[in-house]
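Novice:
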Amino acid sequence: MAVNPDLVLATGSQVVEIPISFSETTTQSAGTVIQGQMQGFGVFVSASTQVTVPITEVWHIIDTYNVGGVVGGGADGTFVLLINGYIQNVQWKVSTSNLNLLTRFRLTQSIVLAPASTFSLSLVLSGTPTANVTQVQILKIIRAPYTG
Amino acid sequence: MAFEEGQDIKSVVLDTLYGGLSGFAGRYVYDTVVGKPLVNALKSTGKYADVVASFIFGAVLNYAGAYVGGKGGEALKVAGYVPIADALGRLFGDAPVMASKTVSKGVNWGSLNPINLEEVKM
């Protein structure tokens with residue numbers, strides 16, 4: 004999914020928080036990979052498993068968190084970030100990125116998304132969900148005009 | 004149009020400005036170039052056709068003019084948005100309120116180098 008670029012070009016850098024939802028079902032088990040549906044690019048822009056950065060922008064992923072940890076009935080799991088189809092060497096769990104944890108997972112440096120690159124977030128389950136639930140993870144991103 | 008998160012008064016002013024200007028321009032061009040000759044041609048065919056022609060073509064041209072104006076507006080927006088937004092930005096201030104509060108100043112977020120988040124107060 005391409006993202007409309009004109010807002011950032013016209014107004015400068017800004018922060019967006021992208022909710023990514025993962026649908027867990029009782030038929031899944033440890034090792035199941037769930038592709039996250041990314042949302043938050045406008046009211047009429049549908050959720051997408053993969054987002055393309057506009058060619059005029061640089062994006063920095065600066066934080067990731069969820070509210071409340073593993074949802075009731077859901078299973079814990081490890082998030083896998085893919086940029087341009089490549090797995091990135093940074094992985095974190097649902098349980099350790101709970102916003103309410105004092106020692107929650109934090110990025111020490113921003114993950115750069117160059118112009119025109121694509122990214123997606125997958126969840127590898129480490130157990131079997133006991134109910135059909137939706138786990139939501141937030142990516143906090145700064146969208147900036149590309150300065151070269 | 005409605006305000007969206009992160010959108011500032013500048014883009015709202017721009018959208019309104021372009022919408023209005025381009026709608027007017029499109030309507031004017033379509034009316035004078037296409038509309039008048041058509042109506043005149045139909046008028047010459049008879050008395051009743053005169054009334055019908057004025058009525059129908061008036062309505063059709065109104066719609067078509069608005070459509071063409073809208074398309075023109077999109078093109079105009081793409082071409083002129085950035086420089087005009089830049090000029091407006093100088094008038095109203097640098098960045099939208101939300102961004103100036105949450106995006107750290109003095110950090111080149113537009114570069115391809117990773118930013119050390121521990122040094123940046125978010």
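The listed protein sequences correspond, in order, to chains A and B. Every number in the working numbering is 3 more than the matching position in the first sequence, counting from 1. Every number in the working numbering is 3 more than the matching position in the second sequence, counting from 1. Cβ coordinates follow ideal geometry from the N, Cα and C atoms, glycine included. Just so you know, these numbers come straight off a predicted model, no measurement behind them.
Among the residues of its own chain, which have a CB less than 6 Å from the CB of B/Val100, if the five just before and after it don't count?
Specialist: Low confidence applies to B/Val100: its pLDDT is 38, below 50, so where it sits in the model is not reliable, and the reading given next is rough at best. No residues qualify anywhere along the chain.
Novice: Could you tell me how far apart the beta carbons of A/Val115 and B/Leu115 are, in whole angstroms, since I believe they sit closer than 8 Å?
Specialist: Yes, they are in contact, since the Cβ atoms of A/Val115 and B/Leu115 sit about 6 Å apart, within 8 Å.
Novice: Among the candidates A/Gln94, A/Glu60, A/Ile65, whose CA atom is the shortest distance from the CA of A/Thr121?
Specialist: It is A/Glu60 whose Cα lies nearest to the Cα of A/Thr121.
Novice: Output yes if chain B places a C-beta closer than 8 Å to the C-beta of A/Gln112; else output no.
Specialist: It does; some Cβ of chain B falls within 8 Å.
Novice: In whole angstroms, give me the CA-to-CA distance for A/Asn87 and A/Thr137.
Specialist: One C-alpha to the other measures close to 26 Å.
Novice: Just checking: is the beta-carbon of A/Ser98 within a distance shorter than 8 Å of some beta-carbon in chain B?
Specialist: Not one chain B Cβ lies under 8 Å of A/Ser98.
Novice: Using Cβ-Cβ distances below 9 Å, what residues of the segment 139-150 of chain A are close to chain B?
Specialist: Residues Lys143, Ile145, Arg146, Ala147, Pro148, Tyr149, Thr150.
Novice: Taking C-beta pairs closer than 7 Å, name the residues in chain B that A/Ala50 reaches, listed in chain order.
Specialist: What A/Ala50 touches in chain B: nothing, since even the nearest Cβ is about 17 Å away.
Novice: Please state if the CB of A/Arg146 and the CB of A/Val19 are separated by a distance shorter than 8 Å.
Specialist: Yes. Within cutoff.
Novice: Within 8 Å (strictly less), CB to CB, does A/Ser120 reach chain B?
Specialist: So, not an interface residue.
Novice: Under 8 Å, CB to CB, which of the residues in the segment 13-24 of chain A have a partner in chain B?
Specialist: Correct list: Ala13, Thr14, Gly15, Ser16, Gln17, Val18, Val19.
Novice: What does a CB cutoff of less than 6 Å around A/Leu84 pick up in its chain, not counting 5 residues either side in sequence?
Specialist: Closer than 6 Å at the Cβ level, and outside the excluded window around A/Leu84, lie Gln91, Leu124.
Novice: With DSSP as the reference, label A/Tyr89 as helix, strand or coil.
Specialist: Strand.
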